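997 is the number of the first residue of the sequence shown in our numbering; add one for each residue after it.
We put the beta carbon where it would ideally sit given N, CA and C, even for glycine.
In this text, all values refer to a predicted model and were calculated from it rather than measured experimentally.
Notes for the one structure printed next.
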Amino acid sequence: MDMLFSILLFILGMCVGSFLNVCIHRIPMGKSIVFPSSECTNCGEKIRSTDLIPVVSYIMLRGKCRECNNPISIQYPVVELITGLLWLVSFLKYGFTFETVAIIFLITLLIPVAFIDLKYMIIPNGFVITGLIGGIGVVIFHALYRPIIFYDSPLWYAPLIGMISASGILFIIALIGYIIYRNDGAMGMGDVKIFLPIGLILGFKLSLLTLVFSIFLGGITSIFLLLIKKVERKSAIPFGPFIVLSSIIIGLFACEILKYY
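Here it is, written out as structure tokens:
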């Protein structure tokens, strides 16, 4: 039963990943994510339903559009595969529990955030609002049914503390960066806002650890890019991908982390 459910969840995750690709492409341009149906980003031709099978279609088409023969971005199968795998890992980690639902929601929310911020240096407010709505659902479950593992506390307001503290600290960092550099290049407000749903879902302890880990990853990556001269000292580097990576890692290993917190 668990094996069958795992396979189905992996396939469903890849299908959702296909939809996330649509979000990544259309949302920054202000386009509808529902209409029109999927089309080639190069020639604009409608994509056949048989060419929309996650990962498989990309392999069968050899990474090229059937109509115009232009290359299809590797992002498409990567996002589909990552989403499917992370959904599967979430279930294997937490089983048939509400924690699985919560972490899958967070993963699905954050994957497009990472790719959009990486490509466009923005985090659309729609993701923040969607995350807050889902986060409120997690808080309600925590308050009315049973404590959520992520919060490490039976108190109903524990996730609210996580939401305020993590985003508040990042806001202060952004403010200091603005004062020093006189622009918003040091830290975007999108980074601050996306920590609202992250803090609400992961709670106080895990969200603060996520913040520290994301700053560490961002710092190490920036230093490495400077050393190999891929960026300059004042170059803007998107922080969203580091927030996303840290959130997913911390969320998946919450039980082990909280034992030593």
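Counterpart residues of residue i in DSSP-defined beta bridges
| i | result |
| --- | --- |
| Glu1035 | Lys1042 |
| Pro1024 | Pro1024 pairs with nothing; no bridge assigned. |
| Lys1060 | Pro1067 |
Length of the line joining the Cα atoms of residue i and residue j
| i | j | result |
| --- | --- | --- |
| Leu1105 | Gly1247 | 13 Å |
| Tyr1147 | Ala1154 | 6 Å |
| Ser1210 | Lys1255 | 21 Å |
| Tyr1141 | Met1159 | 21 Å |
| Gly1133 | Pro1120 | 21 Å |
| Asp1170 | Ile1176 | As written in the sequence, residue 1170 is Ala, which differs from the Asp given in the question. Rounded to the nearest angstrom, the two C-alpha atoms are 10 Å apart. |
| Lys1225 | Tyr1072 | 29 Å |
| Cys1039 | Ser1053 | 18 Å |
| Gly1267 | Leu1241 | Past the edges of the chain, shown from 997 to 1257, lies residue 1267, and the structure says nothing about it. |
| Pro1032 | Leu1223 | 45 Å |
Beta-carbon contacts of residue i that lie in its chain and below 7 Å, excluding the five residues immediately before and after
| i | result |
| --- | --- |
| Val1018 | Ile1029 and Ser1034 |
| Ile1118 | Pro1024, Ile1112 and Gly1186 |
| Ile1145 | Glu1095, Ala1250 and Cys1251 |
| Leu1205 | Ile1246 and Ile1253 |
| Cys1036 | Ile1043, Cys1061, Glu1063 and Cys1064 |
| Tyr1090 | Thr1096 and Ile1099 |
| Cys1011 | Pro1050 |
Nearest neighbour of residue i, chosen from the options [CA to CA]
| i | options | result |
| --- | --- | --- |
| Ile1007 | Cys1064, Leu1082 and Glu1041 | Leu1082 |
| Glu1063 | Gly1009, Ile1119, Leu1241 and Asp1047 | Asp1047 |
| Ile1194 | Thr1126, Leu1088 and Tyr1256 | Thr1126 |
| Pro1237 | Asp1187, Phe1249, Leu1222 and Leu1198 | Asp1187 |
| Val1074 | Gly1013, Ala1232 and Ile1145 | Gly1013 |
| Glu1123 | Pro1108, Tyr1174 and Leu1196 | Glu is not the amino acid found at residue 1123; the sequence shown has Phe there. Among Pro1108, Tyr1174 and Leu1196, the Cα nearest to that of Phe1123 is on Pro1108. |
| Leu1114 | Gly1026, Gly1184 and Gly1173 | Gly1184 |
| Gly1199 | Leu1000, Ala1139, Ile1245 and Leu1156 | Leu1156 |
| Ile1216 | Ser1203, Phe1235, Leu1202 and Leu1204 | Phe1235 |
| Leu1128 | Gly1040, Ile1197 and His1138 | Ile1197 |
| Phe1167 | Val1208, Ile1136 and Lys1189 | Lys1189 |
| Gly1173 | Asn1066, Val1208, Lys1230 and Leu1202 | Lys1230 |
| Ser1069 | Ile1253, Ile1055 and Gly1080 | Ile1055 |
| Gly1214 | Ala1232, Ser1203 and Leu1202 | Ala1232 |
| Asp998 | Ser1203, Val1085 and Ile1103 | Val1085 |
| Leu1207 | Thr1093, Ser1243 and Ile1078 | Ser1243 |
| Phe1001 | Leu1192, Phe1092 and Val1240 | Phe1092 |
| Glu1076 | Arg1022, Phe1015, Leu1088 and Gly1059 | Phe1015 |
| Pro1050 | Ser1203, Phe1212 and Gly1009 | Gly1009 |
| Gly1080 | Lys1201, Ile1003, Arg1022 and Pro1032 | Ile1003 |
| Phe1087 | Phe1191, Leu1005, Leu1202 and Leu1223 | Leu1005 |
| Phe1191 | Ile1239, Lys1201 and Ile1224 | Ile1239 |
8 Å Cβ shell around residue i - same chain, five flanking residues per side excluded
| i | result |
| --- | --- |
| Pro1150 | Pro1143 |
| Trp1152 | Val1135, His1138 and Ala1139 |
| Val1227 | Ser1218, Leu1221 and Ile1233 |
| Phe1212 | none |
| Gly1059 | Pro1067, Ile1068 and Ile1070 |
| Ile1103 | Thr1079, Leu1082, Trp1083, Ser1086, Ile1244 and Gly1247 |
Any non-hydrogen atom of the ligand NAD within 7 Å of residue i CB
| i | result |
| --- | --- |
| Ser1210 | Ligands in the displayed structure: none, and consequently the ligand NAD is not present. |
6 Å CB neighbourhood of residue i in its chain, flanking five on each side removed
| i | result |
| --- | --- |
| Gly1130 | Phe1101 |
| Ile1020 | Pro1108, Phe1111 and Ile1112 |
| Leu1057 | none |
| Tyr1116 | Pro1024 |
| Arg1022 | Ile1029 |
Test: residue i CB closer than 8 Å to a CB of chain E
| i | result |
| --- | --- |
| Ser1014 | The structure shown has no chain E; it contains just one protein chain. |
(request) Give a yes or no on contact between the stretch 1157 to 1167 and the stretch 1094 to 1105, applying the rule of three or more CB pairs nearer than 8 Å. (result) no
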